[in-house]
Each structure stands twice: as C-alpha cells, then as structure tokens.
Amino acid sequence: MNKFLIASHGELAKGIQSTVELFAGKNNAISYISAYTAADEDLSIQLTNFVSSVSASDTAIIFTDLYGGSVNQKITVMAAGKTNFHIISGFNLPVVLETVLYTGKINTDFINCVVEKGRQNLKVVDLQPATDDDVDFFD
C-alpha cells in the first residue's frame with residue numbers, strides 16, 4: 039500500500055489537503071502535518087506516529103516544503119535507511135496530485151520521473167500587452 043505524508047511549516051499542508059481533496063477526494067492513506075502552528079502539537083511525535091504506521095510492505099512517499107528546512111531534516115533522520123521511504127522536497131501541487139492518484143507501486147524511477155515533470159511544468163507566464171484583436175469577454 040502507498041502511504042503519503044504532506045508536511046510543511048505553517049498551514050501549507052492544510053491548504054494542499056483542501057486542494058487534493060477537491061481534485062482527488064478524501065484519502066485516508068494521506069496524512070498532513072502543519073508544523074509549528076499549535077503549541078501543543080509536537081512535530082517529532084507526529085512524524086514518529088506516521089513512520090510507525092508504515093509497515094515493511096508499504097511504500098511511504100513524504101512531501102516536505104523546504105529542502106533543508108527543519109521539517110525536512112527531522113523526517114529525513116527518521117526515514118534514514120528505510121528503503122521503502124521516498125522524500126520529495128520543495129513539492130508543488132501537480133507533483134502531489136500525480137503521485138497520490140497513481141495506482142501502481144511507487145518506486146525510485148517513478149519518483150524521479152514525477153519530479154522531473156514537475157520541474158518541466160514550472161513556467162513563467164509571458165504577459166503580452168492586450169491588443170484590439172483580443173477577445174472582449176463583455177460583448
């Protein structure tokens with residue numbers, strides 16, 4: 039079984055949860071951690087709970103917001119040496135959606151492919167000045 043964790047500083051994970059559920063529906067295989075948002079929630083405990091929920095036959099895919107950030111560092115230490123864990127840092131919504139909607143067994147080749155597609159699809163939108171030939175939506 040594929041298990042997913044989306045972990046971020048602040049409320050980013052909560053926002054991603056809302057959007058993932060809009061496109062893909064609620065999925066109990068996806069956990070979300072919004073780190074450092076409540077004084078009574080310990081990030082280490084939340085990460086430990088996720089790691090311990092992953093069996094040897096599961097594949098864990100973890101998305102963190104910032105490579106080298108504290109959330110990424112803590113989960114990297116906990117996942118070290120676990121061959122069934124994959125961490126994607128600096129995620130974006132298309133990468134998350136493609137990964138969580140994938141129905142096959144996730145492996146390193148898939149992870150590398152989806153990350154490369156995410157890089158290729160990051161674009162700057164060129165905003166050209168409007169011309170008289172542009173469509174007028176108010177006609």
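Numbering of the sequence shown is given in our numbering, commencing with residue 39 and proceeding in unit increments. Glycine included, every Cβ here is placed at the ideal spot set by N, Cα and C.
In the DSSP output, which residue or residues are listed as bridge partners for residue i?
i    : result
N40  : T97
A45  : I71, T102
I126 : F101
In whole angstroms, what is the alpha-carbon distance linking residue i and residue j?
i    : j    : result
K143 : L85  : 23 Å
G63  : L135 : 11 Å
D96  : T169 : 55 Å
A117 : V163 : 37 Å
V153 : I126 : 8 Å
S93  : N65  : 18 Å
K112 : Y105 : 11 Å
T146 : H124 : 8 Å
S91  : N40  : 12 Å
Q166 : A73  : 40 Å
G128 : D171 : 40 Å
L160 : T141 : 24 Å
Q230 : C151 : Because the chain spans 39 through 177 in this model, residue 230 falls outside it and cannot be assessed.
Under 7 Å Cβ to Cβ from residue i, same chain only, skipping five residues before and after it: list those, please.
i    : result
G156 : N130, P132, V133
Among residues of its own chain, excluding the 5 on either side of residue i, which ones have a beta-carbon nearer than 8 Å to its beta-carbon?
i   : result
I71 : L43, I44, A45, S46, A51, L81, Q84, L85, F88, V109
T57 : L131
I'd like to check one pair, residue j with residue i: are the Cβ atoms closer than 8 Å?
i   : j    : result
I68 : V115 : no
E49 : T75  : yes
Shorter than 7 Å, the distance from the beta carbon of residue i to the closest heavy atom of the ligand GDP, or not?
i   : result
T57 : For the ligand GDP, the structure offers nothing, since it holds no ligand at all.
Apart from the five residues on each side of it in sequence, which residues of its chain come closer than 6 Å, Cβ to Cβ, to residue i?
i    : result
I149 : H124
- Message: I want to know whether the segment 93-106 touches the segment 42-53 - three or more CB-CB distances under 8 Å.
- Response: Inter-segment contact for the segment 93-106 and the segment 42-53 is present: three or more beta-carbon pairs are separated by less than 8 Å.
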